[in-house]
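**Student:** My questions all concern the structure below.
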Amino acid sequence: MATPGIIEIIDVKKQYTVDGENLQVLGGLNLSIQPGEFLSVVGVSGCGKSTLLRLLIGLDADYEGEIRVGGALVRGTSLERGIVFQDHRLFPWLTVRENVGLGLTNSSWSDAEKQKAVQEHIELVGLAGFEGAYPHQLSGGMAQRAAIARGLVNRPSILLLDEPFGALDALTRSNLQQELQRIWQTEKISMVLVTHDVDEAVILGDRVVVLHARPGRIERVVEIDVPHPRDRDNPQLKRLADEVREAIVGPHN
Amino acid sequence: MKWLRGLVLPVLLLATWELLTRYHLVNVRLLVEPGRVVATFLRELREGELLSQLGASLARDLGGATLGSAAGILVGTAMGTSRFYDRLLGSSFHAAKQVAIFAWIPLMSVWLGTGEPAKVVFIALSAFYPVVLNTFEGIRSVGSQYVEVARVFRFTRLQVFRRVILPGAAPSILAGIQVALVYSWLATIGAEYLLAAGPGIGNLMIDGRESFQMDKVLVGVVLVGAVGASISALASAIGAWQLRWRVTSA
Amino acid sequence: MTQAQLVNGLEEAAPSSVVAAGRRNLSGALHGLRRQALGAYLPLLALGLWALAADRHWAPPQILPAPRLVAQTLGELISSGELLQHVGISLARVAGGFLLGGALGLVLGTAMGLSRRVEQYVHPLFHALNQVPVLGWLPLAMMVFGIGESLKVVIIAQASLVPIAINVFEGIRRVPRQYVEVARVFEFSRAQYLRKVVFPATVPSLFVGLRYGLTLAWLSLVTVELLASSEGLGFLIVWGRQLFQLDLVLAAIVSIGVVGLLLDQGLAWLEARLLHWRPKASWGGAKAGAQ
């Protein structure tokens, strides 16, 4: 358990070499994420937003620049940083309970404490009663809830979400967006959400970062100064969403 | 009642067989009455020989299959988890697989004799190939997406192997073992033909052939088929068991 | 499910990248030559060790002939035309048996696939007979057909027939519903339906059966020749063994491997040519995909 520290992304650049050609995915990104903040990142496909997340989580160490969490350089993965993938990536051979408990495998807690935490988080995401189910028995939305519980169970200081609702239908998506908002308010940790859904970005985020593609650079940062919990029909949100959309489509793209 | 249709042909066959032999329409030496076959079966069973022959064959089969599968899992894992071993062993493996497996027997009989060890080694070899291939494929196909989850949760390499790769590869490995079971029974019979020393169903059939006792041979055929069917059923049961947590597609 | 079905489904559903690697090697890919070289390391090492062992007489030459000798014997067999003779005989037997078994299997599989009635009458007996592995029939066949050519052809035919019949049968039954529905929407006649939908959709399964049948045919041939023949590659092995000329045995083994490989690759090439329209992802395998 840790209090969230400031996440600093300092002049991060990354390129891929494909067929001999250099593709600049991220071209000098500078960003600070405040503790407890909900940050949304939007942009067209290929703007590097998912790549950014992989660098933040520590799965990819091949980049220039620095990423620091609470002052310390990010080197590899850490239990302080959790992630929810777009494909839920629940292990098919484990039940929901066992999947959620995965994050506690290497923790020093006692078995009782672990069980308690797992149960709490299953209830937090609204999956009470499904502890013994296998992933293939769950709907897409339920599986994603389980993935969120798994990402939170060991109380990281930041949770990264890589287009978590992209593969779900519209109704489930808006449902889960509400849920995520509630969970965030309860857990009070930093969250970084990558999405291509502007409405989602605006309803959830304190700030919305718009990235433009090739090279990935910050186009604009839009402040969403609307108190939580937010209502989807709020006209202010609608205006801000339009602003974000303009920035995406904007002159550079 | 439709299932009765399935009985029409067998009954017809049986009747024709009985007629041919009863009225000596065919050389009796070549074709014995169905009744004789049953009598022989019962007699052999009573005199105890049949069970010991069957037992010997099954023991060999089991021993060889276990040995081959274990070795297969080991080698398959080595090849699946290490690019080095994969490249080192891969093409040799593929090349060796081309040779029809029974061709190795005469060679093996020179190096290992014609006794039990030779047979068991050969049977192990027949089980080895499918298990290696399936283990290798299974481990390779465990999506990197699961391994990444394990990395986020700071699993040690041993943990990744035990908790991600093995369970992920388990269906494939089991599939390999299913195939190995079938192949090893085939190999058991073949080995008994080609290394014709010692008890076994294959030997029963060879004996029958050499002494022109068709009834003995037919008893052997039925037994081989029965065991084969049981093994297939066992293999299917294994398949159904491991399907518990998977999405059942067509 | 019969043994053949089981093995067939499981083997074909797991295309091993080892196999794929082998095929890539054969088509002469020059990429990653260094990687390829690593694969040669083990055989070369084995070869070196073998030569050393033979040289130092770690085992009597009857048990361990020098690799040089094997190569020499192989060369002699080729140049004297003897190898070609034996290969020809073996291949002729396979061809005869495979064609016979294939044709019968095709007819049987099609009949069972297209007509539920036929299936009801025939399938139970077919299934029961399939429980006996190919080799199980050998002593019986030897009694009935003697040890001449007809024995080989019969055994090989039986070995080929089963996988082909099964695969064609299942191929017809498993024509994806989507295509069947399209045919109904367009009100195809039965003949049109068969010609335009069922048969093309069954061809991939047919090839699976053919590949497997050919492998089984080659395997059966070798076994029969080991047991009851005076000619052919299998016979060469037995002969060499009896004379304790293991160089001959090894030369024959190599030849068997090469011919088997060529047969399989030939069929694969044919399959690729005929089925170029197939989407890369394979549908319908026994192995469910990992999510």
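The listed protein sequences correspond, in order, to chains Z, A and R. Here this note's numbering runs 999 ahead of the position in the first sequence, where the first position is 1. Here this note's numbering runs 110 ahead of the position in the second sequence, where the first position is 1. Here this note's numbering runs 37 ahead of the position in the third sequence, where the first position is 1. The beta-carbon is built from N, C-alpha and C at its ideal position, and this holds for glycine as well.
#1: Is there a Cβ from chain Z that is less than 7 Å from the Cβ of R267(A)?
#2: According to a CB-to-CB cut-off of less than 7 Å, which residues of the stretch 253-264 of chain A neighbour chain Z?
#3: Taking the C-alpha atoms as reference points, what is the distance between F206(R) and G146(R)?
#4: Measure the CB-CB distance between T1194(Z) and E1222(Z) and report whether it falls below 7 Å.
#5: In angstroms with no decimal places, state the Cα-to-Cα distance between P1228(Z) and E1178(Z).
#6: Check whether the Cβ atoms of R170(A) and V230(A) lie closer than 7 Å to each other.
#7: In terms of alpha-carbon separation, which member of G1047(Z), L1089(Z) and S1077(Z) lies closest to S1156(Z)?
#8: Under DSSP, the beta strand (DSSP E) around I115(R) begins and ends at which residues?
#9: Listed from N- to C-terminal order along the chain, which residues in the stretch 207-232 of chain A have their beta-carbon within a distance smaller than 8 Å of any beta-carbon of chain R?
#10: Closest to D284(R) by C-alpha separation, out of A103(R), V217(R) and R130(R), would be which residue?
#11: Looking at chain R, is there any beta carbon in it that lies within less than 7 Å of the beta carbon of M315(A)?
#12: Near P281(A), which residues of its chain fall below 6 Å by C-beta distance, leaving aside the five closest residues on each side in sequence?
#13: Using the C-alpha atoms, what's the distance from V1024(Z) back to V1201(Z)?
#14: What's the gap between the Cα of P1034(Z) and the Cα of R1206(Z)?
#15: Among F232(A), G278(A) and W295(A), which one has its Cα closest to the Cα of L1093(Z)?
#16: Using a Cβ-Cβ cut-off of less than 9 Å, give me the residues of the stretch 1068-1094 of chain Z that come near chain A, in sequence order.
#17: Can you list the residues of chain Z that P277(A) reaches, using a CB-CB cut of under 9 Å?
#18: What residues from chain A crowd round M179(R), counting only those whose CB sits closer than 8 Å?
#19: For R232(R) and V159(R), I'd like the C-alpha separation in whole angstroms.
#20: Would you verify that the beta carbon of L162(R) is, or is not, closer than 7 Å to some beta carbon of chain A?
#21: Can you tell me which residues form a DSSP beta bridge with N1233(Z)?
#22: Measure from the alpha carbon of L247(R) to the alpha carbon of each residue in V199(R), L101(R) and I290(R), then state which is nearest.
#23: Looking at the structure shown, is Y158(R) part of a helix, part of a strand, or coil, going by DSSP?
#24: Mapping the DSSP letters down to three states, classify M315(A) as helix, strand or coil.
#25: Take T110(R) and list the residues in its own chain whose beta-carbon comes closer than 7 Å to its own, dropping the five residues that flank it on each side.
#26: Just the C-alpha distance for V147(A) and G182(A), rounded to the nearest angstrom, thanks.
#27: My parser needs the alpha helix (DSSP H) runs of 4 or more residues fully inside the stretch 1122-1154 of chain Z; what are they?
#28: When the distance is taken between beta carbons, is G1027(Z) closer than 7 Å to V1010(Z)?
#29: Excluding the 5 residues flanking L63(R) on each side, which residues of the same chain have their C-beta closer than 7 Å to its C-beta?
#30: So with Cβ pairs under 7 Å, would you call L1101(Z) a contact of chain A?
#31: Would you kindly report the start and end of the unbroken alpha helix (DSSP H) that includes K1048(Z)?
#32: Can you pull the chain R neighbours of M324(A), defined as C-beta to C-beta under 7 Å?
#33: Which residues, in order along the stretch 1096-1129 of chain Z, keep a beta-carbon less than 8 Å from a beta-carbon of chain A?
#34: With DSSP collapsed to three states, give me the class of Y256(A).
#35: With three or more C-beta pairs closer than 8 Å as the rule, is the stretch 1070-1088 of chain Z touching the stretch 1132-1146 of chain Z?
#36: For V1011(Z), which of helix, strand or coil comes out of DSSP?
**Tutor:** Taking the coordinates as given:
#1: R267(A) does not count as touching chain Z.
#2: Sequence-ordered contacts of the stretch 253-264 of chain A with chain Z read Q255, Y256, E258, V259, R261, V262, F263 and R264 [C-beta pairs closer than 7 Å].
#3: Looking at the two C-alpha atoms, the distance is approximately 4 Å.
#4: No, they are not a contact pair.
#5: If you take the alpha carbons of P1228(Z) and E1178(Z), they lie about 11 Å apart.
#6: Going by C-beta atoms, R170(A) is nearer than 7 Å to V230(A).
#7: Minimum Cα distance to S1156(Z) is reached at S1077(Z).
#8: From DSSP, I115(R) is part of no beta strand (DSSP E) but of the alpha helix (DSSP H) over P104 to S116.
#9: The residues in question are Q208, V209, A210, I211, F212, A213, W214, I215, P216, L217, S219, V220 and W221.
#10: Minimum Cα distance to D284(R) is reached at A103(R).
#11: Output row for M315(A): interface = yes.
#12: Only Q352 meet the Cβ criterion.
#13: So the alpha carbons of these two residues sit roughly 24 Å apart.
#14: Distance between P1034(Z) and R1206(Z), taken at the CA atoms: about 13 Å.
#15: It is G278(A).
#16: The stretch 1068-1094 of chain Z vs chain A, Cβ under 9 Å: G1075, T1076, S1077, L1078, R1080, G1081, I1082, F1084, D1086, R1088, L1089, F1090, P1091, W1092, L1093 and T1094.
#17: The contacting residues are F1090, P1091, W1092 and L1093.
#18: Within chain A, the residues whose beta carbon sits less than 8 Å from that of M179(R) are R319, listed in sequence order.
#19: One C-alpha to the other measures close to 24 Å.
#20: Using a CB distance cut-off of 7 Å, L162(R) counts as an interface residue toward chain A.
#21: BP columns for N1233(Z) are empty, so no partner.
#22: Out of V199(R), L101(R) and I290(R), V199(R) has the C-alpha closest to the C-alpha of L247(R).
#23: Of the three classes helix, strand and coil, the one that applies to Y158(R) here is helix, per DSSP.
#24: Helix.
#25: Cβ-Cβ distances below 7 Å link T110(R) to D284, L285 and A288 in the same chain, with the five nearest sequence neighbours on each side left out; the list follows chain order.
#26: Their backbone Cα atoms lie some 40 Å apart in a straight line.
#27: Complete alpha helix (DSSP H) runs here, min 4: 1139-1151.
#28: Sequence inspection shows Asp at residue 1010(Z); the Val mentioned does not correspond to that position. In this structure, D1010(Z) sits near G1027(Z), with a CB-CB distance shorter than 7 Å.
#29: Low per-residue confidence applies at L63(R): pLDDT is 47, beneath 50, and the placement is therefore not dependable enough to give any value.
#30: Residue contact with chain A for L1101(Z): present (Cβ-Cβ distance below 7 Å to some residue of chain A).
#31: Here the alpha helix (DSSP H) through K1048(Z) covers K1048 to I1056.
#32: Identification of chain R residues near M324(A) by a Cβ-Cβ cut-off of 7 Å yields M180, ordered along the chain.
#33: Cβ contacts with chain A: L1101, G1102, T1104 and N1105.
#34: Under the three-state reduction of DSSP output, Y256(A) falls in the helix class.
#35: The answer is yes - the stretch 1070-1088 of chain Z touches the stretch 1132-1146 of chain Z, with three or more Cβ pairs under 8 Å.
#36: Strand at V1011(Z).
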